[in-house]
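Engineer: Take 23 as the starting number for the sequence shown in the working numbering and just add one per residue.
The beta-carbon is built from N, C-alpha and C at its ideal position, and this holds for glycine as well.
Quick caveat, the model's predicted, so the values are computed rather than measured.
Before we start, here is the structure in question, set down as structure tokens.
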Amino acid sequence: MAKEFKITSLRLADLERELNYLKTTREREIAAMIAEARSYGDLSENSEYDAAKNEQAKLYGRIAEIEDILSHAVIIEDENEATGRVGLGCFVTVRNMSTGAETTYKITGSQEANPMEFKLSDDSPFGRAAVGKAAGETFMVNAPAGSYEMMVVNVSREG
């Protein structure tokens, strides 16, 4: 069975725009690079041609990757909005029970996760532990660096 990619409708639109750009503008740019490199003569020792062909291979790889994501995409909805529970697409403010520090994260699908921007996947150790919890509930996160206890302070749709 193929992996499902949980993404928001915003991320879906971003991927569709990127795919359109890659298949039109970028593909023409690389074709022009290859044509120019071919005009230099002997292809066996032509570094410009090799570089252009490598760019083409990267382009086709990215196109295939995006098409795979789009063909297996599952659009996430505000599934827990009415219940006030942690779910995909929501913002959750948590308190570390050991340090007392509070942090707000956005729970996303794996394609949108970016820990540096406080966007955590529902498939991460934190995400798996937090999903379904409501304000006031505590949960244990079993991360590779060790386990720690967190408490949900707030769940919202806006960050």
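Let me confirm a value: A74 is counted as buried when at least 16 other C-beta atoms fall within 10 Å, else exposed. Which label applies?
Structural biologist: Within the sequence shown, the letter at position 52 stands for residue 74. A74 comes out buried.
Engineer: Give the straight-line distance between the Cα atoms of T47 and F148, rounded to the nearest whole angstrom.
Structural biologist: Mapped onto the sequence shown, residue 47 falls at position 25. Mapped onto the sequence shown, residue 148 falls at position 126. Their backbone Cα atoms lie some 39 Å apart in a straight line.
Engineer: Is the beta carbon of K28 less than 9 Å from the beta carbon of L110?
Structural biologist: Taking the sequence shown and counting its residues from 1, the one referred to as residue 28 is at position 6. Taking the sequence shown and counting its residues from 1, the one referred to as residue 110 is at position 88. Yes, these two residues count as a Cβ contact at 9 Å.
Engineer: Take I88 and list the residues in its own chain whose beta-carbon comes closer than 7 Å to its own, dropping the five residues that flank it on each side.
Structural biologist: Here residue 88 is taken as the residue at index 66 of the sequence shown, counted from 1. Hits under 7 Å: L37, E40, L41.
Engineer: Per DSSP, which residues does N164 bridge with? Please list them.
Structural biologist: In the sequence shown, residue 164 corresponds to position 142, counting from 1. BP columns for N164 point to S169.
Engineer: Where do the N-terminal and C-terminal ends of the beta strand (DSSP E) with Y43 fall, by residue?
Structural biologist: On the sequence shown, position 21 is the one that residue 43 refers to. First-last for Y43: 31–43, but that is the alpha helix (DSSP H), not the beta strand (DSSP E).
Engineer: Please work out which residues of its chain come closer than 8 Å, Cβ to Cβ, to I56, disregarding the five sequence neighbours upstream and downstream, and give them in chain order.
Structural biologist: Here residue 56 refers to the residue found at position 34 of the sequence shown. Cβ within range, chain order: Y71, A74, K75, Q78.
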